Amino acid sequence: MNNSTISSNSTFHSGNCEEIGAKSVPFKIAFIILYNLIGVIAIFGNSFLVYIIYKTPRMKSSFNYFTANMAVSDIIVQFCSIPRLVTDLVFDRVRTWLIADTMGVVLCKLMFFIQDICTAVSIECIVLIAIDRFLAVVTPTKMRLTSHGRHRVIVIVMTWVIAMLLHAPYLHFQTVATNRDGSMSCAIDWSPFPQHYHTKYMAILVTILIFIPLGVITILYGVIFTIVKRRKIPGHASSDKRQFRHYEKVKSNVLQLSIAVVSVFIISWAPNVVLWALLMTVWGWRVPCKMFPFRFFAFLMGMSNTATNPWIYFILSANYRQAIQKLLSCGKLYQHRLSSRRSKTWATRQTNSGAEADIGGQLQLEQQLMSTSL
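Right, dumping it as structure tokens:
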């Protein structure tokens, strides 16, 4: 596999942008810091989200499994996106590539392939979460498709399979190309097919992964909002009424959480939709040098979605907040128990025996959590 010379069918070639690089050092430093900061926040937040779901038995639901799948994809995408975006900033060129020969071509194909399938999986999970919430509100007492563990696994695996099939052309057309100045780029070269094939392919991807999901999500949450708003509390006893109100409050919290995730997704990816539209219709797949700031801003907004998702759950979901508090309290109890073992006398143990009985169940849970987390 030898590097090919960049052709008219290669995409994302940006020409020379030295005039921007020479005058925008603060801009580049700022974006490099922001990219890495977002990456750290995304990796930590999503990892903690998966950990909470894994450690909390009562969170083994379809909603949380789809959330965990989305979190995993958001973690992986950090390792594919941040290094290449930082490299683009340093070298003032879109899709800069520094690895030559066969290994360079293989990594070029895999880097963008993995990045984009993770993005697709994240979008698919947002749709699945909306469908799950819709079914929970419309048919709360009926068995749903993903109520069994095996069905959930199949659905989650299919999100990755569909994403891989959608981006399979990357593995063929993605290649390392040599620019006119001798530098290398990881570009999509559709030769011998004409350029409009790539435009049509990307238009299909944007439709399948952006516009159709947004349409489905808007309809589903619109129906959910209407049902919840019209539903009235039945005239039962006061105890039943309190239970129903509690159920409605929990359901409303879940709905608010889901809407927040979708809203943040729309805001985060809107600049990217504009960027792709300009690339397909105006720029001819060549980012103008003067539009570099907008390109990096659009990608920054897209990356921010992967970082904000877990924190939305931590802030808006009572279940996640309670799980975090329980994990933290278990850690404090563990430290307290260790110190007590060193300092307590028999008289102190007798005095505190009642308190130890009260927290015995929590200490047992704490021991399980601490032993399995190593």
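Take any residue in the sequence shown, count from 1 to its spot, add 72: that is its number in our numbering. Here a beta-carbon is modelled for each residue, glycine too, at the ideal position from N, C-alpha and C. Predicted model only: the values in this text are computed from it and were never measured.
- Boundaries of the beta strand (DSSP E) around A249: Q246 to T250.
- DSSP, read as helix, strand or coil, puts W169 in strand.
- Pairing G374 with P241, the inter-Cα distance amounts to about 23 Å.
- The DSSP-derived three-state label of A259 is strand.
- Pairing M256 with A172 gives a Cβ-Cβ distance under 8 Å.
- Residue burial annotation: R156 is buried, with at least 16 other C-beta atoms found within 10 angstroms of its C-beta.
- Contact between Y137 and R224 is confirmed by a C-beta separation of about 5 Å, below the 8 Å threshold.
- Pairwise C-beta distances place the region 130 to 148 out of contact with the region 349 to 369, as fewer than three of them are shorter than 8 Å.
- The Cβ-Cβ distance between V345 and V278 falls below 8 Å.
- A Cβ-Cβ contact shorter than 8 Å links M142 with I198.
- Less than 8 Å separates the beta-carbon of F206 from that of I296.
- Within the same chain, and ignoring the five residues on either side of S340 in sequence, the residues whose Cβ sits closer than 7 Å to its Cβ are M373, G374, S376 and N377.
- In this structure, DSSP gives S133 a state outside helix and strand, which the three-state scheme calls coil.
- Non-local C-beta neighbours of M183 in its own chain, meaning closer than 6 Å and more than five positions away in sequence, comprise C152, ordered along the chain.
- For P264, no alpha helix (DSSP H) encloses it, and the DSSP letter there is neither H nor E.
- Judged by beta-carbon spacing, M175 lies beyond the 8 Å limit of M274, meaning their Cβ atoms are not closer than that value.
- With a contact defined as Cβ atoms closer than 8 Å, L388 and Q328 qualify at about 6 Å.
- Under a 10 Å Cβ-count criterion, F245 is classified as buried, with 16 or more other Cβ atoms of the shown protein chains found around its own Cβ.
- DSSP places H223 in the uninterrupted alpha helix (DSSP H) bounded by G221 to L238.
- Pairing I201 with T139, the inter-Cα distance amounts to about 8 Å.
- Going by DSSP, L109 is part of the alpha helix (DSSP H) stretching over V97 to K127.
- By the neighbour-count criterion, in which a residue is buried when 16 or more other Cβ atoms sit within 10 angstroms of its Cβ, Y392 is buried.
- In this structure, the beta-carbon distance from F116 to L161 does not fall below 8 Å.
- Per DSSP, the continuous alpha helix (DSSP H) segment holding P285 begins and ends at I284 to R302.
- DSSP places I280 outside any alpha helix (DSSP H), giving it a letter other than H or E.
- Rounded to the nearest whole angstrom, the C-alpha separation of D261 and A114 is 32 Å.
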